[in-house]
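In the numbering used here, the protein residues as written are 28 to 426.
Glycine included, each C-beta is placed from N, C-alpha and C at the ideal position.
Remember, it's a predicted structure, so these values are computed and weren't measured experimentally.
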Ligand SMILES: Nc1ncnc2c1ncn2[C@@H]1O[C@H](COP(=O)(O)OP(=O)(O)O)[C@@H](O)[C@H]1O
Ligand SMILES: [Mg+2]
């Protein structure tokens, strides 16, 4: 018997198995093992969104889902899973041949149906097709997330986030997502001279509704190529409305669609650690005065503990003025145990003028505009990393 692509063997394939019915699951596990297919994980319930996202990150060739125990939950899982991990084939197993349900299965993204009682030949063919399909698909690549926090109100996180995002859109000639995570106190729409009708809150409050078609309607396009998801403007909204499930889904969708996702995380509303830990860079923007540096150090420490990693956490010194800084380099360096990766010059005239006019500094030739371009080049991989690494506080070279 010759099945599918000759060089793909069913014996090197691996699957996930999902279904609350133990007997049906057992029958499939038995059949799969008999064929030499590795069952990487069995899940005895339809997973929540967070669990689905975790499962979608696991390597396998196919995911087999029980359709009959709860068809609605099964289809919801298939839809979410397929959106998160396209190269993996979703297969539903069923005792039911209801044509209407079968159409819904295909619409949800399932590519195979396995009828029970399972036949070895049909199962083998489906698994081989899944393995072959996965081989031809490009691996899933998610966009890079750059998050800016403000050590103290007024440190400059919004200014840095918006100008960095615009510079990145110019640099990469691609759309960049910009998220204003300052619920109630967002500035990015004003800084970009946009009047968005929708906000972060529209995106996160109904996770079950959130998909790319919906999310794309919430983003406000800026002429630079930045697409803004604005902060909501109701002050009464509590952090409870930002349920982790919705927030995780939002950022995964954004990272699927954009090579770069820039977040102004301000100080008020914390991003869940489950999102923040995937960030390429987690920056704390600060000015060079003792209270600010103290807050920056504490904030950076807190964030690194939350996400259980330090390598992505960095400090950005804003409004730096070597001549008028009352603090010495040694003092400032002693205050920080995280790399001070960028120094952004103080430029009241240009920054305030741009902010008031709803313009960005992108096209300018001022030192501050050049600095944002440099940051964008580094983030897009154009500038050698060493350039930014050699930057130290106040121009002193370490080591
Ligand atoms: N590099 C800079 N040079 C001059 N003024 C700046 C600079 N960065 C920010 N500002 C100004 O400082 C104020 C606070 O900046 P903002 O980005 O709103 O801070 P945050 O978002 O951290 O609260 C704004 O008026 C802004 O125009
Ligand atoms: Mg701000």
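Residue i classed as buried or exposed, judged by whether at least 16 other C-beta atoms fall within 10 angstroms
i	result
residue 44	buried
residue 374	buried
residue 42	buried
residue 144	exposed
residue 402	buried
residue 199	buried
residue 74	buried
residue 161	buried
residue 223	buried
Any non-hydrogen atom of ligand 2 closer than 7 Å to residue i Cβ
i	result
residue 184	yes
residue 177	yes
residue 293	yes
residue 48	no
residue 214	yes
residue 383	no
residue 190	no
residue 112	no
residue 123	no
residue 209	yes
Cβ separation of residue i and residue j, assumed to be a contact under 8 Å, to the nearest whole Å
i	j	result
residue 141	residue 40	About 14 Å; that fails the 8 Å criterion.
residue 219	residue 187	Going by Cβ atoms, the distance from residue 219 to residue 187 rounds to 14 Å, so no, they are not a contact pair.
residue 205	residue 253	5 Å
residue 178	residue 326	6 Å
residue 273	residue 237	7 Å
residue 398	residue 290	That belief does not hold up - the Cβ atoms of residue 398 and residue 290 are roughly 20 Å apart, past 8 Å.
Residue i to residue j span [Cα, whole Å]
i	j	result
residue 113	residue 382	41 Å
residue 85	residue 105	15 Å
residue 406	residue 368	12 Å
residue 118	residue 230	29 Å
residue 333	residue 389	33 Å
residue 23	residue 346	Coverage of the chain is limited to positions 28 through 426, which leaves residue 23 absent and any answer about it impossible.
residue 37	residue 234	36 Å
residue 175	residue 99	39 Å
residue 310	residue 135	39 Å
residue 386	residue 152	58 Å
residue 362	residue 330	17 Å
residue 79	residue 277	14 Å
residue 90	residue 348	57 Å
residue 191	residue 400	7 Å
residue 32	residue 147	The predicted position of residue 32 is uncertain, since its pLDDT is 45 and thus under 50; a value taken from the coordinates is nonetheless stated next. Taking the straight line joining both Cα atoms gives about 17 Å.
residue 50	residue 240	38 Å
Any non-hydrogen atom of ligand 1 closer than 7 Å to residue i Cβ
i	result
residue 52	no
residue 346	yes
residue 379	yes
residue 334	no
residue 220	no
residue 342	no
residue 372	yes
C-beta neighbour in chain B for residue i, strict 8 Å
i	result
residue 229	Absent here is chain B; the protein component of the structure consists of one chain.
beta-carbon residue i near ligand 4 non-hydrogen atom, thresh 7 Å
i	result
residue 390	What this structure holds is ligand 1 and ligand 2, not ligand 4.
Taking only runs of the beta strand (DSSP E) that begin and end inside the segment 212-270, which ones reach a length of at least 3 residues, in chain order?
253-256
Every unbroken alpha helix (DSSP H) within the segment 352-401, with a cutoff of 4 residues, ordered by chain:
356-362 and 375-384
Which residue spans inside the segment 85-140 form an unbroken alpha helix (DSSP H) run of at least 4?
98-111 and 126-135
Suppose only complete runs of 3+ residues qualify. What are the beta strand (DSSP E) ranges in the segment 283-334, listed by chain order?
287-293 and 308-313
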